[in-house]
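The working numbering numbers the first residue of the sequence shown as 105 and each following residue consecutively. Glycine included, C-beta positions come from ideal geometry on N, C-alpha and C. Quick caveat: nothing in here was measured; it's all calculated off a predicted structure. The structure appears below as C-alpha cells.
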Amino acid sequence: MTDPQQWLAAATVDDAVFALRPDYRVVLLTADGLQGGPSDAVSEQVLTAAETTARERLDGRKPEELPHLAAWREAYRSFGAKPQRTRPSVEALMRRLDPGGLPRIDRITDVYNAVSIASTLPFGGEDRAAYASPPRLVRADGTESFDTVAGGEAVVEHPEVGEVVWRDDVGVTCRRWNWRQCTRTGITTATTSAVFLLDVLDPLTDDDAHAAADALTEGLLALSPDATFHRRLLTRADADG
Numbered sequence: 105m106t107d108p109q110q111w112l113a114a115a116t117v118d119d120a121v122f123a124l125r126p127d128y129r130v131v132l133l134t135a136d137g138l139q140g141g142p143s144d145a146v147s148e149q150v151l152t153a154a155e156t157t158a159r160e161r162l163d164g165r166k167p168e169e170l171p172h173l174a175a176w177r178e179a180y181r182s183f184g185a186k187p188q189r190t191r192p193s194v195e196a197l198m199r200r201l202d203p204g205g206l207p208r209i210d211r212i213t214d215v216y217n218a219v220s221i222a223s224t225l226p227f228g229g230e231d232r233a234a235y236a237s238p239p240r241l242v243r244a245d246g247t248e249s250f251d252t253v254a255g256g257e258a259v260v261e262h263p264e265v266g267e268v269v270w271r272d273d274v275g276v277t278c279r280r281w282n283w284r285q286c287t288r289t290g291i292t293t294a295t296t297s298a299v300f301l302l303d304v305l306d307p308l309t310d311d312d313a314h315a316a317a318d319a320l321t322e323g324l325l326a327l328s329p330d331a332t333f334h335r336r337l338l339t340r341a342d343a344d345g
C-alpha cells in the first residue's frame, strides 16, 4: 500500500466542486495499525458520550436547524440533490438519536460516528487498503460505477451527471458528497488501515475541523494504542496553487 503521506498528498478536490462551495474544506486522516472488531465496551463508552453531547447540542431543535447542517443542505441543493430525500450523513445520524440511539455497527465505525455527531461534521470512514488510488472529489459525468446493496442484493448504480462524488480509479466511493458510501471500500471488523474524510463548510472553521480530527484520533487510539496517523487539510488554496 502507498505510504500514507504520499497517498494524502495525491488526493484532490476538483475546481468544479470548489465552484459550488468555495468555503469547502476536508480533513483527510489516515489510520494504520487499527484493531477492528465488533462493537465493545470501549466503543460503546465513546458513542454513548457522543450521543449525550449531540442531544445537548440539538436542545430540542431539528438537526437541519443547526448552522453547519443547514449549510450542508444548501450544498446538496447546489448540485441538484434534494436534502429531504438524501440527507447529509451527519444529519441522518442525528435523526436516529431518539428514541433508542444510533445503531452499533463495529468498533471503528462506532467511534467515527460518535465524533461525527459530537462535532456536527459529516464523516466518511473507509478501508484504505480497498482503494485503487488516492481519493478525489469530482462532479460526476454519470458513467462512473457505484457498488451498493438494494433490496438485499448487490447492485451497481451510476451517479447523476453533475453529482458531487468521491471516487478512485475504479469507481465512486461515496455518492452525493457524503450521503452513501460504496460497498467495496466499507470498513469491516477486519479493517486495519482506514481513511477518514471530515467535510467542512462555513460557519465551522479549520480549527473546528482539526479539533474533530484530534477527537477521532483520540477515540481510535483508545481502540488501537499502537495505531499511526497522518493528516491533511485540503482547501481551495491547494487547488488554486
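Taking 9 Å as the threshold (C-beta atoms), are residue j and residue i in contact?
i: THR287; j: THR252; result: yes
i: GLU155; j: LEU201; result: yes
i: ARG336; j: LEU132; result: yes
i: LEU301; j: HIS172; result: no
i: ASP210; j: ALA236; result: no
i: ARG340; j: ARG129; result: yes
i: PHE183; j: VAL117; result: no
Using the Cβ count rule (16 or more neighbours within 10 Å means buried), how would you classify residue i?
i: GLN110; result: exposed
i: GLU195; result: buried
i: SER223; result: buried
i: THR277; result: buried
i: THR213; result: buried
i: ARG280; result: buried
i: PRO383; result: Residue 383 is absent from the structure shown; the chain starts at 105 and stops at 345.
i: ASP231; result: buried
From the DSSP secondary-structure annotation, give me the bridge partner or partners of residue i.
i: SER297; result: ASP136
i: GLY290; result: GLU230
i: GLU257; result: ALA254
Report the rounded CA-to-CA distance for residue i versus residue j, giving the unit in angstroms.
i: ASP347; j: ALA317; result: The structure shown has nothing for residue 347, since the chain only spans 105 to 345.
i: PRO142; j: ALA158; result: 23 Å
i: ARG161; j: THR134; result: 28 Å
i: GLY255; j: SER193; result: 21 Å
i: PRO238; j: LEU138; result: 19 Å
Three or more C-beta pairs closer than 8 Å, one from the stretch 108 to 128 and one from the stretch 237 to 244: is that the case here? yes
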